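Novice:
2 protein chains.
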Amino acid sequence: MVERRRGGNEQEREETAQLILQAARRLFMAHGYRAVSTRQVAEAVGLTQPALYHHFATKEELYVAVALGEVARLRAGIERIARREGPTRERLHGLARFLLTTVDYDFPLMYHDMGTELGEQSRETLGAAFYGGIIAPLAALFAAGQRAGELRDEAHGGLSPAGGAGLFMAFVAHFLDRPLVGERTARPGGVEASAESLVGLLLEGLGARVDRG
Amino acid sequence: MVERRRGGNEQEREETAQLILQAARRLFMAHGYRAVSTRQVAEAVGLTQPALYHHFATKEELYVAVALGEVARLRAGIERIARREGPTRERLHGLARFLLTTVDYDFPLMYHDMGTELGEQSRETLGAAFYGGIIAPLAALFAAGQRAGELRDEAHGGLSPAGGAGLFMAFVAHFLDRPLVGERTARPGGVEASAESLVGLLLEGLGARVDRG
DNA sequence: GTCTATATCCTGATAGAC
DNA sequence: GTCTATCAGGATATAGAC
Numbered sequence: 001m002v003e004r005r006r007g008g009n010e011q012e013r014e015e016t017a018q019l020i021l022q023a024a025r026r027l028f029m030a031h032g033y034r035a036v037s038t039r040q041v042a043e044a045v046g047l048t049q050p051a052l053y054h055h056f057a058t059k060e061e062l063y064v065a066v067a068l069g070e071v072a073r074l075r076a077g078i079e080r081i082a083r084r085e086g087p088t089r090e091r092l093h094g095l096a097r098f099l100l101t102t103v104d105y106d107f108p109l110m111y112h113d114m115g116t117e118l119g120e121q122s123r124e125t126l127g128a129a130f131y132g133g134i135i136a137p138l139a140a141l142f143a144a145g146q147r148a149g150e151l152r153d154e155a156h157g158g159l160s161p162a163g164g165a166g167l168f169m170a171f172v173a174h175f176l177d178r179p180l181v182g183e184r185t186a187r188p189g190g191v192e193a194s195a196e197s198l199v200g201l202l203l204e205g206l207g208a209r210v211d212r213g
Numbered sequence: 214m215v216e217r218r219r220g221g222n223e224q225e226r227e228e229t230a231q232l233i234l235q236a237a238r239r240l241f242m243a244h245g246y247r248a249v250s251t252r253q254v255a256e257a258v259g260l261t262q263p264a265l266y267h268h269f270a271t272k273e274e275l276y277v278a279v280a281l282g283e284v285a286r287l288r289a290g291i292e293r294i295a296r297r298e299g300p301t302r303e304r305l306h307g308l309a310r311f312l313l314t315t316v317d318y319d320f321p322l323m324y325h326d327m328g329t330e331l332g333e334q335s336r337e338t339l340g341a342a343f344y345g346g347i348i349a350p351l352a353a354l355f356a357a358g359q360r361a362g363e364l365r366d367e368a369h370g371g372l373s374p375a376g377g378a379g380l381f382m383a384f385v386a387h388f389l390d391r392p393l394v395g396e397r398t399a400r401p402g403g404v405e406a407s408a409e410s411l412v413g414l415l416l417e418g419l420g421a422r423v424d425r426g
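Which chain is which? The protein sequence lines are A and B, in order.
To convert, note that position 71 of the first sequence is 71 in the numbering used here; the numbers rise steadily by one, no gaps.
Every number in the numbering used here is 213 more than the matching position in the second sequence, counting from 1.
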């Protein structure tokens, strides 16, 4: 009912906030919470540093907003792909391809920032969003795969569904990583080949095939 | 020939430098390069901050010394275990147990710091030490396992020896990680069970066993 | 809603006495 | 070899004009 009062200003304010979030996302995700100053964010969006504080009360609040938005973005893609029909392997392949394509930043760094650079309340908020938005839908897929007999469960040398989800994300992070030393050239075959390799290694491992009989 | 001149002072100087390195290692490895101030390091060892500069020219030089020492420590353990006789699986198990026991800090954080927080020269120095001291001996073990038919090579859905070494370290980092949310209790079975699970998953993956015909 | 100006604090590093 | 004192710069955040 009150929404129509000065609707234009509200919209502009929202647009500025979105521009700030966009710039902050790029900087925070690339260099980490501590390494990015509020001045850098402001400069990237063409404002002075104090102007940020009209939209976000603290640097930490800005980071939380960025991380929540990023988790929501990943969640949407993950849930869309996880809902598809088909064998577990193909769904994992789709998820790997999506994540390898859409995550263009340092994933372990974001994870570290969420875990150690923020206050307790922010950490709990982001932890819950990360678990509910990313781990939980992946875990549901792993649980379904175990029920279908496509994945080993804990009783047969596998992992719990949430454990499998965590390992899958560790694989994604590893395949996203650019090596510290050696060739920095693009991976041969690009994302598609990486996703194929990722799922193959996750499901079948590195060991030679030997009959267990 | 000149070594005996004021030998006692040299020794004390070395001891102080070692104390600084020890405190710096604990702090840098736990919280990261940026998050630790030189004052914190000095305080931890009972000195004032400027006294550090008598032993290390810059904060970055101190970090490089810490990281080089840590890589050397890991290298010694890795080479000792990798030289043992026995099946690849058992040697990997020994390596996993060693690393899960001896690495009590945030491994991806150290990796990130080495890759992005330092100047080019330091980065190259540490990258070379990391590759030569950790990746290379592991890669030799993977190559031997492939020659023995115990590990799949690149032509059969596996990885290059260095790629296998990198994946192994990613597994170690994952098993070291304390989850952002959920139970923070110790893993059931401790290091031994974790090492067992790590090697099993690395070699056999999460997929159900199916004959490949 | 954004600006200029500034408060307050912390950072890495240096100067010089002892 | 370690201290006190300090510099110069950068950080987050606030005050108040417009």
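Glycine is no exception: its CB is placed at the ideal position from the N, C-alpha and C atoms.
In this text the structure is predicted, and so the values were computed from the model without any measurement.
Thinking C-beta only, is residue 172 of chain A closer than 9 Å to residue 99 of chain A?
Specialist: The residue labelled residue 99 of chain A in the question sits at position 99 within the first sequence. The residue labelled residue 172 of chain A in the question sits at position 172 within the first sequence. Closer than 9 Å, so yes.
Novice: Quick one, which residues of the region 344 to 360 of chain B are near chain A if we go by CB-CB under 7 Å, in chain order?
Specialist: 344
Novice: Tell me which same chain residues have a C-beta within less than 8 Å of the C-beta of residue 4 of chain A, skipping the five on either side of it?
Specialist: Here the question's residue 4 of chain A lines up with position 4 in the first sequence. Residue confidence for residue 4 of chain A is low, a pLDDT of 48 falling below 50, so the modelled location carries little weight; the figure read from the coordinates is stated next. If we look at residue 4 of chain A and ignore the five residues flanking it on each side, it has no Cβ neighbours.
Novice: What separation, rounded to the nearest whole angstrom, lies between the Cα atoms of residue 2 of chain A and residue 75 of chain A?
Specialist: Locating residue 2 of chain A in the first sequence gives position 2, where the first residue counts as 1. Locating residue 75 of chain A in the first sequence gives position 75, where the first residue counts as 1. The predicted position of residue 2 of chain A is uncertain, since its pLDDT is 46 and thus under 50; no value can be drawn from it.
Novice: For residue 414 of chain B and residue 158 of chain A, I'd like the C-alpha separation in whole angstroms.
Specialist: Position 201 of the second sequence, counting from 1, holds the residue named residue 414 of chain B. Position 158 of the first sequence, counting from 1, holds the residue named residue 158 of chain A. So the alpha carbons of these two residues sit roughly 7 Å apart.
Novice: Below 8 Å, can you find three or more Cβ-Cβ pairs linking the region 354 to 366 of chain B to the region 331 to 339 of chain B?
Specialist: no
Novice: Taking 8 Å as the threshold, find out whether the region 65 to 73 of chain A comes into contact with the region 25 to 41 of chain A through three or more Cβ pairs.
Specialist: yes
Novice: Could you check how far apart the C-beta atoms of residue 387 of chain B and residue 108 of chain A are, in whole angstroms? I think they sit under 8 Å.
Specialist: For the purposes of this step, residue 387 of chain B is identified with residue 174 of the second sequence, where counting begins at 1. For the purposes of this step, residue 108 of chain A is identified with residue 108 of the first sequence, where counting begins at 1. With a Cβ gap of about 10 Å, residue 387 of chain B and residue 108 of chain A do not count as contacting.
Novice: Are residue 344 of chain B and residue 243 of chain B close, meaning C-beta to C-beta below 9 Å?
Specialist: What you label residue 344 of chain B is simply residue 131 of the second sequence in a count that begins at 1. What you label residue 243 of chain B is simply residue 30 of the second sequence in a count that begins at 1. Against a cut-off of 9 Å, the Cβ pair of residue 243 of chain B and residue 344 of chain B comes out as no contact.
Novice: Compute the Euclidean distance between the alpha carbons of residue 192 of chain B and residue 91 of chain A, then round it to the nearest angstrom.
Specialist: A query on residue 192 of chain B cannot be resolved here, the shown segment of chain B reaching from 214 to 426 and no further.
Novice: Can you give the Cα-Cα distance for residue 167 of chain A and residue 266 of chain B, rounded to whole angstroms?
Specialist: In the first sequence, counting from the first residue as 1, residue 167 of chain A sits at position 167. In the second sequence, counting from the first residue as 1, residue 266 of chain B sits at position 53. The straight-line gap from Cα to Cα measures roughly 43 Å.
Novice: Using only the alpha-carbon positions, how far apart do residue 316 of chain B and residue 369 of chain B sit?
Specialist: Here residue 316 of chain B refers to the residue found at position 103 of the second sequence. Here residue 369 of chain B refers to the residue found at position 156 of the second sequence. Answer to the nearest angstrom: the Cα atoms are 32 Å apart.
Novice: What first and last residue would you give for the alpha helix (DSSP H) that runs through residue 170 of chain A?
Specialist: Translated into the one-based positions of the first sequence, residue 170 of chain A becomes position 170. 161 to 176 is the span of the alpha helix (DSSP H), which, as asked, contains residue 170 of chain A.
Novice: Reducing DSSP to helix, strand and coil, say where residue 205 of chain A ends up.
Specialist: Within the first sequence, residue 205 of chain A is the residue found at index 205, counting from 1. The answer is coil: DSSP assigns residue 205 of chain A none of H, G, I, E or B.
Novice: Report the option in A:123, A:197, A:181 and A:78 whose CA atom is closest to the CA atom of residue 141 of chain A.
Specialist: Against the first sequence, residue 141 of chain A aligns to sequence position 141. Its Cα nearest to that of residue 141 of chain A, the residue A:78 stands out among A:123, A:197, A:181 and A:78.
Novice: Suppose the cutoff is 6 Å on Cβ atoms and the five residues either side in sequence are ignored; what does the same chain contact list for residue 306 of chain B look like?
Specialist: On the second sequence, position 93 is the one that residue 306 of chain B refers to. Once the five neighbours on either side are set aside, the close Cβ partners of residue 306 of chain B are 408 and 412.
Novice: Since residue 129 of chain A and residue 165 of chain A are thought to touch, with beta carbons under 8 Å apart, how far apart are those beta carbons, to the nearest angstrom?
Specialist: Numbered from its first residue, the first sequence carries residue 129 of chain A at position 129. Numbered from its first residue, the first sequence carries residue 165 of chain A at position 165. Contact doesn't hold; Cβ gap of about 15 Å is too wide.
Novice: Taking only beta-carbon atoms, is residue 55 of chain A less than 9 Å away from chain B?
Specialist: Mapped onto the first sequence, residue 55 of chain A falls at position 55. By this cut-off, residue 55 of chain A is not an interface position.
Novice: What's the gap between the Cα of residue 145 of chain A and the Cα of residue 61 of chain A?
Specialist: By one-based count along the first sequence, residue 145 of chain A stands at place 145. By one-based count along the first sequence, residue 61 of chain A stands at place 61. Cα to Cα, residue 145 of chain A sits roughly 38 Å from residue 61 of chain A.
Novice: Which residues mark the beginning and the end of the alpha helix (DSSP H) in which residue 86 of chain A is found?
Specialist: If you number the first sequence from 1, residue 86 of chain A lands on position 86. Element bounds for residue 86 of chain A: n/a, residue is neither H nor E.
Novice: Going along chain B, which residues have a C-beta under 9 Å from residue 114 of chain A?
Specialist: Reading the first sequence from its first residue, position 114 is the one you call residue 114 of chain A. Scanning chain B for C-beta atoms nearer than 9 Å to the C-beta of residue 114 of chain A yields 393, reported in chain order.
Novice: Sort out for me which residues DSSP pairs residue 151 of chain A with in a bridge.
Specialist: Start at 1 with the first residue of the first sequence, and residue 151 of chain A comes out as number 151. Per DSSP, B:420.
Novice: Using a beta-carbon distance cut-off of less than 9 Å, what residues from the region 285 to 319 of chain B approach chain A?
Specialist: 301, 302 and 319
Novice: Going by the CB atoms, is the gap between residue 35 of chain A and residue 20 of chain A shorter than 9 Å?
Specialist: Reading the first sequence from its first residue, position 20 is the one you call residue 20 of chain A. Reading the first sequence from its first residue, position 35 is the one you call residue 35 of chain A. Contact flag unset, no.
Novice: What distance in whole Å lies between the Cβ atoms of residue 336 of chain B and residue 404 of chain B, which are believed to be in contact at a cut-off of 8 Å?
Specialist: Counting from 1 along the second sequence, the entry for residue 404 of chain B is found at position 191. Counting from 1 along the second sequence, the entry for residue 336 of chain B is found at position 123. At roughly 32 Å, the Cβ-Cβ gap does not stay under 8 Å, so residue 404 of chain B and residue 336 of chain B are not in contact.
Novice: Would residue 39 of chain A pass as an interface residue toward chain B - the criterion being a Cβ-Cβ separation below 9 Å?
Specialist: For the purposes of this step, residue 39 of chain A is identified with residue 39 of the first sequence, where counting begins at 1. False, the Cβ-Cβ gap to chain B never drops below 9 Å.
Novice: Rounded to the nearest angstrom, what separates residue 270 of chain B and residue 12 of chain A at their Cα positions?
Specialist: Reading the second sequence from its first residue, position 57 is the one you call residue 270 of chain B. Reading the first sequence from its first residue, position 12 is the one you call residue 12 of chain A. One C-alpha to the other measures close to 50 Å.
Novice: When you compare the CB positions of residue 383 of chain B and residue 162 of chain A, do they come within less than 9 Å of one another, or not?
Specialist: Reading the second sequence from its first residue, position 170 is the one you call residue 383 of chain B. Reading the first sequence from its first residue, position 162 is the one you call residue 162 of chain A. Going by C-beta atoms, residue 383 of chain B is not nearer than 9 Å to residue 162 of chain A.
Novice: Distance check for residue 348 of chain B and residue 264 of chain B, CA to CA, integer angstroms please.
Specialist: Numbered from its first residue, the second sequence carries residue 264 of chain B at position 51. Numbered from its first residue, the second sequence carries residue 348 of chain B at position 135. Distance between the alpha carbons of residue 264 of chain B and residue 348 of chain B: 36 Å.
Novice: List, in order along the chain, the chain B residues whose C-beta lies closer than 7 Å to that of residue 165 of chain A?
Specialist: The residue given as residue 165 of chain A occupies position 165 in the first sequence. Chain B residues near residue 165 of chain A: none, gap ~11 Å exceeds 7 Å.
Novice: On the CB-based measure, 16 or more other CB atoms within 10 Å of its CB, does residue 213 of chain A come out buried or exposed?
Specialist: The residue given as residue 213 of chain A occupies position 213 in the first sequence. The pLDDT assigned to residue 213 of chain A is 39, lower than 50, so where the model puts this residue is not dependable, and the model offers no usable value.
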